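Undergrad: This is the structure I want to talk about, given as structure tokens.
Protein chains: 2
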Amino acid sequence: MKLLEEKILSCGTVLPGNILKVDSFLNHQLDVSLLSELGKEFYRLFADCNVTRILTVEASGIPIACFAAQHFNVPVVFAKKGHHKNIGNDVYTAEVFSFTKGTSYTIFVSKKYINPGDNILVIDDFLANGQAVLGLKKIIEDAGANLMGVGIAIEKGFQNGGKEIRAQGVNLRSLAIVDSMTDDSISFRSDD
Amino acid sequence: MKLLEEKILSCGTVLPGNILKVDSFLNHQLDVSLLSELGKEFYRLFADCNVTRILTVEASGIPIACFAAQHFNVPVVFAKKGHHKNIGNDVYTAEVFSFTKGTSYTIFVSKKYINPGDNILVIDDFLANGQAVLGLKKIIEDAGANLMGVGIAIEKGFQNGGKEIRAQGVNLRSLAIVDSMTDDSISFRSDD
């Protein structure tokens, strides 16, 4: 998606450790009009998937999921991280290893908010090693729901997540795929 | 706001420990069309405040802040909780005590995303003891920005946060104020 690639080029910063810092518009400060366009694009890509719920994970997946949901006219459910007192025990869980933080964490979704037979679209801001998406996929399978697709804003194409998830037959679409990045250049995979 | 009060009455549950569980539409599963209406209502209430940025805290404040921002046409910044590797040291911080969890946590905002002179509207889903809002207020003051108002979806009027924050002269508006609740009834404060 040209609009997103241009935003990454003009506002993104590459930091040591393969970090692409886009916190000026995607995951700390939010450029709401851009994110709204991303939501619209996800609707274009997945409109024929008969989506009944959008699933994301807190926190930075939430805004894009919400803007997409405005078009699909379905609820968003966001998986929570770690332990929360109020959530109750009736939850689906998955362990997610974060390469950025070097630790695992638990994500969970109340069993009330994914039903067997639900057609789920997963939305997230970033895909690198794909651990969060694989955790959400496990939760969807545990619930007996259907994973209709995965929509990602920025995929790090030089890490393994995208390859692994596509190899599992998942309909994964990323709006911008970074194929390589250095201190002074970022290059994107061309649209197929 | 009638729409929100009706939703609380039809979908909210009162749990022991003064917990009002609204996770079917506000903070786990998200009723996007309702939250979009809340965003619109915040615009109506604060449209003349010359807002330049909306500030909230992860995670459940984000969706309402984003839907409000669509009308204000300004960026959202969400304060993060705890320690993140990628955030850098150049942050404003505040300590927030959570009565629900019985512990304190740190919230932080990158100094890049609040400027001196910014006119900030704070938005959050819940107000009880007001600790999160007071933390955001400290961050705004540390940044030399102006707190133009605070918009809350659900205020627990029987806890102290609202009273304390209003006593500090803050323009606090809550879309639904729960004055009392028991297992089988929830009553709201009338609009003034």
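Protein chains in written order, with our numbering: chain U, 1 to 192; chain L, 1001 to 1192.
Virtual Cβ for every residue (Gly too), placed ideally from N, Cα, C.
Only a predicted model underlies this, so the values are computations on that prediction, with no experimental measurement involved.
1) Leaving out five residues before and five after F1126 of chain L in sequence, what residues of the same chain have Cβ atoms less than 6 Å from its Cβ?
2) V977 of chain L CB to nearest chain U CB: under 7 Å?
3) Which residues mark the beginning and the end of the beta strand (DSSP E) in which G1061 of chain L is found?
4) Could you pull out every residue in the same chain whose Cβ sits closer than 6 Å to the Cβ of A65 of chain U, ignoring the five residues on either side in sequence?
5) Please confirm whether H1028 of chain L has its beta-carbon closer than 7 Å to some beta-carbon of chain U.
6) Give me the subset of the segment 1095-1121 of chain L whose CB atoms are less than 9 Å from a CB atom of chain U, sorted by chain position.
7) Below 8 Å, how does it come out for the segment 1002-1010 of chain L and the segment 1158-1176 of chain L: are there three or more Cβ pairs, yes or no?
8) Please confirm whether I139 of chain U and A94 of chain U have their CB atoms less than 7 Å apart.
9) Does the Cβ of F99 of chain U have 16 or more other Cβ atoms within 10 Å, making it buried, or fewer, making it exposed?
10) State buried or exposed for D90 of chain U, treating a residue as buried only when at least 16 other CB atoms are found within 10 Å of its CB.
11) From the DSSP output, read off the bridge partner residues of T1052 of chain L.
12) I want to see whether chain U comes within less than 7 Å of A992 of chain L, judged by CB atoms only; does it?
13) Just how far apart, CA to CA, sit H71 of chain U and G162 of chain U?
14) Run the CB neighbour count on E141 of chain U, radius 10 Å, all protein chains shown included, and call it buried at 16 or more, exposed below.
15) Counting Cβ pairs closer than 8 Å, one from the segment 39-52 of chain U and one from the segment 18-30 of chain U, do we hit at least three?
16) Would you say N1129 of chain L and Q1159 of chain L are within 7 Å of each other, going by their C-beta atoms?
17) Beta strand (DSSP E) containing D1124 of chain L: first to last residue?
18) So L45 of chain U and G157 of chain U are in contact, right, with Cβ under 8 Å, and what is the actual spacing, rounded?
19) If you reduce the DSSP assignment to three classes, tell me which class L26 of chain U lands in.
20) I'd like to know whether the C-beta of C1066 of chain L is nearer than 7 Å to at least one C-beta of chain U.
21) I want to verify the contact list: residues of chain U whose CB lies under 7 Å from the CB of P1075 of chain L, in sequence order.
22) On the CB-based measure, 16 or more other CB atoms within 10 Å of its CB, does G102 of chain U come out buried or exposed?
23) Quickly, what does DSSP pair M957 of chain L with across the bridge? List them, please.
24) Specify, as a first and last residue, the run of the alpha helix (DSSP H) that D31 of chain U falls within.
25) Let me confirm a value: P116 of chain U is counted as buried when at least 16 other C-beta atoms fall within 10 Å, else exposed. Which label applies?
26) Pull up the distance between the alpha-carbon of S1193 of chain L and that of M1001 of chain L, whole angstroms please.
27) So which residues on chain L does I8 of chain U lean against when the C-beta distance must stay under 7 Å?
28) Against chain U, with Cβ distances strictly below 7 Å, would P1063 of chain L count as a contact?
29) How big is the Cα-Cα spacing for N1073 of chain L and F1042 of chain L?
30) Comparing C-alpha positions only, which one of L:N1018, L:K1040, L:G1017, L:L1030 sits nearest to Y113 of chain U?
31) Relative to the alpha-carbon of E37 of chain U, which residue among U:P63, U:V109, U:S187, U:V22 has its alpha-carbon at the smallest distance?
32) I need the boundaries of the beta strand (DSSP E) containing K81 of chain U, first residue and last residue.
33) Quick check on E58 of chain U - is its C-beta less than 7 Å from some C-beta in chain L?
34) Less than 7 Å between the C-beta atoms of G1149 of chain L and L1121 of chain L, yes or no?
35) Considering Cα atoms alone, identify which of U:A79, U:S110, U:N171 is closest to V96 of chain U.
36) Note the first and the last residue of the continuous beta strand (DSSP E) segment covering G1161 of chain L.
TA: Looking at the coordinates:
1) I1154
2) Within the shown structure, residues of chain L are numbered from 1001 to 1192, placing residue 977 of chain L beyond reach of any answer.
3) Per DSSP, G1061 of chain L lies in no beta strand (DSSP E) segment; the continuous alpha helix (DSSP H) that holds it begins and ends at 1061-1072.
4) Taking C-beta separations shorter than 6 Å and ignoring five residues to either side along the sequence, the partners of A65 of chain U in its chain run I54, T56, V76, I123, following chain order.
5) yes
6) T1100, K1101, G1102, V1109, S1110, K1112, Y1113
7) yes
8) yes
9) F99 of chain U is exposed by the Cβ-count criterion.
10) exposed
11) None, per the DSSP bridge assignment.
12) For residue 992 of chain L there is no data in the structure shown, the boundaries of chain L being 1001 and 1192.
13) Rounded to whole angstroms, H71 of chain U to G162 of chain U spans 25 Å at the Cα level.
14) exposed
15) No, the segment 39-52 of chain U does not touch the segment 18-30 of chain U.
16) yes
17) 1119-1127
18) At roughly 17 Å, the Cβ-Cβ gap does not stay under 8 Å, so L45 of chain U and G157 of chain U are not in contact.
19) coil
20) yes
21) Q29, L30, D31, V32
22) exposed
23) This structure does not reach residue 957 of chain L, given that chain L is present from 1001 up to 1192, and the question cannot be answered.
24) Secondary structure note for D31 of chain U: it is in no alpha helix (DSSP H), with a DSSP letter that is neither H nor E.
25) exposed
26) Coverage of chain L is limited to positions 1001 through 1192, which leaves residue 1193 of chain L absent and any answer about it impossible.
27) Per Cβ cutoff of 7 Å: no residues; I8 of chain U is ~16 Å from chain L at best.
28) Yes, P1063 of chain L lies at the interface with chain U (some Cβ there is under 7 Å from its Cβ).
29) 13 Å
30) L:L1030
31) Out of U:P63, U:V109, U:S187, U:V22, U:P63 has the C-alpha closest to the C-alpha of E37 of chain U.
32) 76-81
33) Residue-level contact check: E58 of chain U touches chain L, since one or more beta carbons of chain L fall below 7 Å from its beta carbon.
34) Closer than 7 Å, so yes.
35) Closest by alpha carbon: U:A79.
36) First-last for G1161 of chain L: 1161-1167, but that is the alpha helix (DSSP H), not the beta strand (DSSP E).
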